[in-house]
Every structure is written in structure tokens, then in C-alpha cells.
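Worksheet: one structure, shown below.
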Amino acid sequence: MSELHTDRERIVDAADRLFYGRGIQSVGMDAVRAAAHVPLKRLYAEFPSKDALLVEVLDHRTDIWNAGIAQASASAVTPREKLLAVYDFLDGWFRTDDFRGCGFINAFGELGAVSAPVAAAARSQKAGFGRYVAGLVADLAVDQVLGDQLALLAEGAQTTAAISGRPDAAAHARAAAETLIDAALERAHVTE
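Numbering (full-length UniProt numbering), first residue to last: 1 to 192.
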């Protein structure tokens with residue numbers, strides 16, 4: 001990871017680690033201040049509320065997610081391989097020591113009902129991921145419903161891995177994705 005140069009970057013990084021590791025509601029702004037090594041006045045100058053900080057953290061997580069998915073699919077050649085790379089990315093992530101589930105699902109679960117900005121940020125990330133998968137499915141020239149199915153498999157794998165503590169959820173989702181992709185390709189060729 002590159003060195004964090006600004007107070008804002010240090011605050012977002014510290015908040016991300018704390019919110020993801022402990023839960024949003026259990027972490028106060030003073031804990032973020034201490035972890036970021038900034039004065040409380042500086043923290044509030046950058047982020048006037050915890051919701052504002054959380055939205056910035058979710059935007060940061062969106063960037064990390066998008067970069068991870070892009071990196072995972074960078075060496076894949078075909079749209080099929082790129083789709084399956086999503087599940088390979090999940091498999092690696094699920095096996096990390098600090099995996100605590102999807103930060104967006106966690107944030108939505110904690111605050112989505114009471115914080116419109118948090119709900120909007122979580123929905124935006126999920127919609128963006130759905131569009132990414134749909135774009136790869138479009139490259140396959142198959143029924144577009146496959147995109148929704150594959151995104152749902154990825155989302156379900158994240159939740160299952162977090163709750164059950166089973167990183168093999170990604171491998172199971174990948175196997176199901178292969179079956180769905182191959183069936184969609186076969187149907188597309190039959191109807192040509």
C-alpha cells in the first residue's frame with residue numbers, strides 16, 4: 001500500500017479498518033481520530049459527521065473493489081474467463097485473515113434503514129458491480145438475465161463466506177457460475 005500523505009487519507013484508512021473490523025456503530029469518532037493520529041478538530045474539519053466519513057469510506061472501498069476485480073480479470077482473455085475471474089478474486093479475498101464479509105452489506109445492515117446516504121452508497125456499489133458483470137455477459141452474446149444471476153451468486157458467496165466462515169463459498173459459486181455460463185452459451189448456439 002502506498003504511503004498515506006494527507007490527514008484525509010489517514011482518516012479514511014483508519015475509519016475503514018475500524019468500521020470493517022469492529023462494526024460501524026461500535027466505533028466512535030475519537031477512536032478514528034486516535035487511529036489516524038490526527039486532532040479531533042482536524043477530523044471534524046475533514047468530516048463534519050460520522051455519516052460523511054462513512055460515505056467516503058464506502059467510496060474508497062468501491063475503488064478498492066473495482067481495482068481488485070479489474071486486476072483479477074486482467075490476465076483473462078475471453079468474457080467467460082473474465083466472469084470466472086470474479087469468483088477467483090472472491091476466493092482470494094475470503095481467505096484473508098481480516099475477511100469480515102462485504103463492507104457494503106455490513107454498512108447497509110447496520111445503517112441502511114436510518115441513513116439515506118449510506119443506503120445510497122451501498123446500492124450504488126452493488127449496481128456498479130451488476131453493470132460490470134452485465135457488460136461481460138453482453139460480450140458473450142447470451143441472454144442478459146445471466147448477468148443478474150452471476151452477480152447474485154457473487155453476492156451470496158460473500159454473505160455465506162462471512163456468516164459460515166467458509167471460504168470455499170467462492171469455489172462453489174464459481175462452479176455454479178460455470179454451469180450457468182455454459183448453459184447460456186449452449187442455448188445461444190442452439191437458437192442461432
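Where a beta carbon is used, it is the ideal one built from N, C-alpha and C, also for glycine.
In this structure, the CA atom of residue 122 is about 12 Å from the CA atom of residue 60.
Under the three-state reduction of DSSP output, residue 145 falls in the helix class.
Secondary structure at residue 49: coil, using DSSP grouped into helix, strand and coil. Here residue 166 is near residue 160, since their CB atoms are less than 8 Å apart. The DSSP-derived three-state label of residue 57 is helix.
Judged by DSSP secondary structure, residue 97 falls outside any alpha helix (DSSP H); it is assigned neither H nor E. Between the C-alpha atoms of residue 58 and residue 16 there is a straight-line separation of about 8 Å. Closest in C-alpha terms to residue 54, from the list 67, 29 and 45, comes 29. Within its own chain, the residues whose Cβ lies closer than 8 Å to the Cβ of residue 98, once the five positions on either side in sequence are excluded, are 20 and 21, listed in chain order.
Counting C-beta pairs with one atom in each stretch, the region 83-94 and the region 168-180 have three or more that are closer than 8 Å, which means they touch.
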